[in-house]
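Reading through the structure tokens given below for one structure.
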Amino acid sequence: MIDTHAHLFYLKKQLKDVVAKAKKEGVTHIINVGVNIDSARKALKQAQEYPGYISATIGVHPCDVAGFSGFKTLKKELSTSNYVSVGEIGLDYYHMSAPKEEQIECFKKQLDLAREFNLPAIIHSRESDDDMKLILNEYQDVKKVLHCFSSSVDFALSVLNKNTYFSFTGMITFAKKGKVINAIKQIPIDHIMIETDCPYMNPIGIKGDNEPANVSLVLDKIAAVKQIEKNKIGMIIEKTSRNFFAL
């Protein structure tokens, strides 16, 4: 199992304890996702402590784009450091921390960087399906994952192509039916990944900070919804994740 979206730099526990528990639960790799340049540097430092087990990403989250002008720094970081993805980037019309136009401009500039550096993008999308669909269709050649996916199956199928993937969090463990379950049922299994989004998005029954070890509970739910044996579906999802991030 690969936790394809974690924010390890936010966790209160010591990293060595988080990693030890993750390994005990069968987690083989963790993608440590930056939300701005500073946190990406922290993510990279943690990845360097666990080479081959933790990988880092860099991007500016839509809630951090207000007034952002550090694209030269972002490009330099991508040029000089071993990041495996551009992200977390995207649109957030729920918090609306920056005007739509500014979010869209920053999102597109970062997708341009993903294209330039031939890296996949990790995308945050909240209450922005219409604009997101338009932008994703402009960047069909860029490999991308819609993380913490919670939109409708109609939206998923409207943007699905060979380069578009969908990742699910512990949020799905609370659902017995509804749009997210329908999406899991209809999205092809080889376009699905799993994540914790730790320390957030706790699976049902988990208190305190979420952590990578709990990604197994997300896999349990997807296996149940897809009605595929856990080990079999786990192997498929891990292969997809390794290929996506070129691990």
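Number 560 in the working numbering belongs to position 176 of the sequence shown; there are no gaps in the numbering.
Note that CB positions come from ideal geometry on N, CA and C, so glycine has one too.
From a predicted model like this one, the values you see are computed outputs, not experimental measurements.
If you count every other CB in all the chains shown that lies within 10 Å of the CB of residue i, and 16 or more means buried, which is it?
i    : result
H389 : buried
I588 : exposed
D525 : exposed
G562 : exposed
T457 : exposed
H508 : buried
P583 : buried
Y478 : exposed
A406 : buried
E433 : exposed
A567 : buried
N598 : buried
A630 : exposed
G436 : exposed
Less than 8 Å between the CB atoms is what I'm expecting for residue i and residue j, so what's the real figure, rounded?
i    : j    : result
V470 : F552 : That pair is no contact at about 21 Å.
I414 : D448 : Not really, about 22 Å apart at Cβ, beyond 8 Å.
E461 : I506 : Going by Cβ atoms, the distance from E461 to I506 rounds to 15 Å, so no, they are not a contact pair.
A427 : F455 : A427 to F455, Cβ: 19 Å. No contact.
Should residue i and residue j be called a contact, given that it needs their Cβ atoms to be closer than 8 Å?
i    : j    : result
N420 : H391 : no
I571 : F550 : yes
K610 : I565 : no
G618 : N586 : no
S536 : L475 : no
H575 : L541 : no
P328 : V411 : Beyond the ends of the chain as shown, which are 385 and 631, falls residue 328; an answer cannot be given.
F628 : K546 : no
A450 : E500 : no
I556 : K605 : yes
E409 : S625 : no
Identify the residues that DSSP records as bridge partners of residue i: which are they?
i    : result
S509 : L475
S439 : I415
V470 : I442, A505
V529 : I506, Y549
A661 : The requested residue 661 is not part of the displayed model; the chain covers only 385 to 631.
I576 : F550
Residue i to residue j, Cα distance in whole Å?
i    : j    : result
F558 : I590 : 11 Å
I488 : I578 : 26 Å
H531 : K397 : 24 Å
K616 : P483 : 44 Å
D401 : L518 : 42 Å
V529 : S423 : 20 Å
S465 : K459 : 10 Å
V403 : Q430 : 11 Å
Q494 : I438 : 23 Å
A440 : N521 : 26 Å
A607 : E613 : 6 Å
Y467 : D581 : 18 Å
F491 : G592 : 32 Å
F533 : L503 : 20 Å
M480 : R510 : 10 Å
D496 : Y523 : 9 Å
I620 : F452 : 38 Å
I442 : D515 : 23 Å
R425 : S463 : 14 Å
If we define contact as Cβ-Cβ less than 8 Å, is residue i a contact residue for chain D?
i    : result
K459 : Of the chains in the structure shown, none is chain D; there is only one protein chain.
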